[in-house]
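Protein chains in written order, with my numbering: chain A, 625 to 779; chain B, 625 to 779. Quick notes on the structure that follows.
There are 2 protein chains.
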Amino acid sequence: MSAQNAQRHQAEELALMLSDFGMQRMSARVMAAFLFTEKPSLTLGELAEELDASQGSVSGALKTLHQVGMLERVPVPGSRRDHHRLRRDAWERLYSRQNEVVRKMMAAAEEGIAATGEDSPARERLQEMYDFYNFMFDELPLLFDRWREKRGSQG
Amino acid sequence: MSAQNAQRHQAEELALMLSDFGMQRMSARVMAAFLFTEKPSLTLGELAEELDASQGSVSGALKTLHQVGMLERVPVPGSRRDHHRLRRDAWERLYSRQNEVVRKMMAAAEEGIAATGEDSPARERLQEMYDFYNFMFDELPLLFDRWREKRGSQG
DNA sequence: GCCCGTTTTCGGAAGTTTCTGAATGGCGAC
DNA sequence: GTCGCCATTCAGAAACTTCCGAAAACGGGC
C-alpha cells in the first residue's frame, strides 16, 4: 500500500470515529480530508472527487462545517471556485460546542427546580444536576482561556 | 394542566434535549423519568407504564444506563422486581465519557503524525489537533477532581 | 445584459436506527 | 421440582437519516 493510500485509510478511520461521536458522516469525511491533505486549501470539486461523493452532499457538509466554525474560506485571486481550509482553532471550536450543551442542561435543570416543590426528591436530583453543569459552565471557558494562553506562548 | 402533567412535559423536553446531544431516545426518556419522579426508585414495569413504552425497550435503555454508570440497582427486600435509581454522580459520569472521546482523538492524531513526512502541512494540522486534545486529556480529569472536592465540601 | 462555470437546493431512494410484541430464560416461593 | 412472575433477547416493522443526481440559483467576466 502506498503512503498516500495509507493516509487515505487513516483519514477514513478518523472520519468513522468522528461520526461515532455524533458528527454527520459526510461532514466527518470532509474534515478528515482537510486534515490529511497536503494542499493548503481544497475546493468542492476536489473534495467530491477525493471522497468519491456527490458535489451535493459535499456542499451540505461544507455548509455545516463553516457554521460550526471549523473551516474558513480562503481568497484565491483568479479562481472562481471557493477554496476552503481548516481553521487553526478548528478543534477548540468543535469542542466549544460543549459549552452550549452544558448551558442548555443547566437551564433545563433550573426550569425543573422552579416547577418542583420544596421538599421533593425530584428537586434534590435536579439540584445536583444543576450544580454539576453550573460548575462546568463556569470552568470550561476558563479551561479554554488557559489553552489559548498556552497555545499563544508556544506558537 | 396539572402540576404533574407540567413536570411530565418538562421531562419529555429534557429527554428530547438529551437525545439531541447523542443519547438514545429511549435512554433519554428513562433518564428524564428518573430525574422527575417523586419515588425513590423505579422498576421496569413502572417505567414502561409511565413512558408508555414496551418493557423490551425500557429494558434495553436500563441496560445502557447502567453500563454508563448513571443508574444503580437498589436492594428492596421483599420485592422481586429490580429497583433502579439515579446515582448521585450520574451527570459527572455521563460527562466523563468525553474523556474517552478525547483520548481517541489524541490517539488518532498521533497515528496521523507518525505516518506523515517531516515538513508537511498535514503534519502541522495533525500536530495542532494533537496538542489540543492532549491538553484536554490532561486537564479534564483535574477538572473533575476539583468538582468532586467542591461537591464533597458542600454535601 | 448574457453566458458559463460553480454552488446550492430538493425529491426520492437506500440505509440505518429504534421500537414493539412475543418468545425465551432465570429466579424465588412454596 | 414446579409454578408464577419478571427481565431479557430477538425478529420484524416503522420511522428517521443521509446520500445521490438533477435542476435551479448564483455570480463574475465580458
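Glycine included, every Cβ here is placed at the ideal spot set by N, Cα and C. All of these numbers come straight from a predicted model, not from anything done at the bench.
Test: residue i CB closer than 8 Å to a CB of chain B
{"i": "G753 (chain A)", "result": "Reading off the sequence, residue 753 (chain A) comes out as Met, not Gly. Output row for M753 (chain A): interface = yes."}
{"i": "R840 (chain A)", "result": "Residue numbering for chain A in the displayed model covers 625 to 779; residue 840 (chain A) lies beyond these limits and cannot be assessed."}
{"i": "L695 (chain A)", "result": "no"}
{"i": "R712 (chain A)", "result": "yes"}
The ligand NAP heavy atom lying under 7 Å from the CB of residue i
{"i": "E734 (chain B)", "result": "The ligand NAP is not part of this structure, which contains no ligands at all."}
Assumed close pair residue i, residue j - CB separation to whole angstroms, cut-off 8 Å
{"i": "V692 (chain A)", "j": "L718 (chain A)", "result": "7 Å"}
{"i": "L642 (chain B)", "j": "A652 (chain B)", "result": "4 Å"}
{"i": "M694 (chain A)", "j": "R711 (chain A)", "result": "6 Å"}
{"i": "H708 (chain A)", "j": "V700 (chain A)", "result": "Contact doesn't hold; Cβ gap of about 10 Å is too wide."}
{"i": "F759 (chain A)", "j": "K774 (chain B)", "result": "7 Å"}
{"i": "L668 (chain A)", "j": "R721 (chain A)", "result": "That pair is no contact at about 24 Å."}
{"i": "S744 (chain A)", "j": "E662 (chain B)", "result": "6 Å"}
{"i": "F756 (chain A)", "j": "W715 (chain B)", "result": "4 Å"}
{"i": "G646 (chain B)", "j": "G776 (chain A)", "result": "About 32 Å separates the two Cβ atoms, so there is no contact after all."}
Endpoints, the beta strand (DSSP E) within which residue i is located
{"i": "E696 (chain A)", "result": "695-698"}
{"i": "V709 (chain B)", "result": "The sequence as given places Arg at residue 709 (chain B); Val does not occur at that position. It spans 707-710 - the beta strand (DSSP E) in which R709 (chain B) sits, taken as one unbroken run."}
Same chain, Cβ closer than 7 Å to residue i, five either side skipped, listed in chain order
{"i": "R727 (chain B)", "result": "F761"}
{"i": "N629 (chain B)", "result": "none"}
{"i": "L671 (chain B)", "result": "V654, A657, V682"}
{"i": "A746 (chain B)", "result": "T740"}
{"i": "E631 (chain B)", "result": "According to the sequence shown, residue 631 (chain B) is Gln rather than Glu. Excluding residues within five positions, the ones whose Cβ falls inside 7 Å are F660."}
{"i": "W771 (chain B)", "result": "E716"}
N-terminal and C-terminal residue of the alpha helix (DSSP H) that residue i is part of
{"i": "R653 (chain A)", "result": "649-660"}
{"i": "R721 (chain B)", "result": "714-738"}
{"i": "K663 (chain B)", "result": "Premise fails: K663 (chain B) is in no alpha helix (DSSP H) and is neither H nor E."}
{"i": "E680 (chain A)", "result": "Looking at the sequence itself, residue 680 (chain A) is Gly, so the reference to Glu does not match. It spans 679-692 - the alpha helix (DSSP H) in which G680 (chain A) sits, taken as one unbroken run."}
Below-8 Å beta-carbon distance, residue i vs any chain A residue
{"i": "E716 (chain B)", "result": "yes"}
Close Cβ partners of residue i (< 6 Å) along its chain, the five nearest in sequence each way excluded
{"i": "A685 (chain B)", "result": "M650, S651, V654"}
{"i": "E735 (chain B)", "result": "none"}
{"i": "M753 (chain A)", "result": "A733"}
{"i": "L638 (chain B)", "result": "A656"}
{"i": "E674 (chain A)", "result": "A657"}
{"i": "E742 (chain A)", "result": "none"}
Spatial neighbours of residue i in its chain, beta-carbon cut-off 8 Å, leaving aside the 5 residues before and after
{"i": "L640 (chain A)", "result": "A652"}
{"i": "Q751 (chain B)", "result": "A733, I737"}
{"i": "E636 (chain A)", "result": "R653, A656"}
{"i": "S665 (chain B)", "result": "V698, V700, H707, H708, R709"}
{"i": "Q648 (chain A)", "result": "A685, T688"}
{"i": "Q573 (chain A)", "result": "This structure cannot settle anything about residue 573 (chain A), because the visible part of chain A is limited to 625 through 779."}
{"i": "N723 (chain B)", "result": "F761, L764, P765"}
- Taking only beta carbons into account, state which residues of the region 658-688 of chain A come closer than 8 Å to chain B, listed in chain order. F658, L659, F660, T661, E662, K663, P664
- Item | the region 755-770 of chain B: positions lying closer than 9 Å to chain A by Cβ | Within the region 755-770 of chain B, contact with chain A at the beta-carbon level (separation under 9 Å) is assigned to D755, F756, Y757, F759, M760, E763, L764, L767, R770.
- Residues from the region 628-654 of chain B in contact with chain A, defined by Cβ distance under 9 Å: A630, Q631, Q634, A635, E637, L638, M641, L642, D644, F645, G646
- Along the region 725-756 of chain A, what residues have a CB closer than 9 Å to any CB found in chain B? V725, V726, K728, M729, A732, A733, E735, G736, A739, T740, G741, S744, P745, A746, R749, L750, E752, M753, D755, F756
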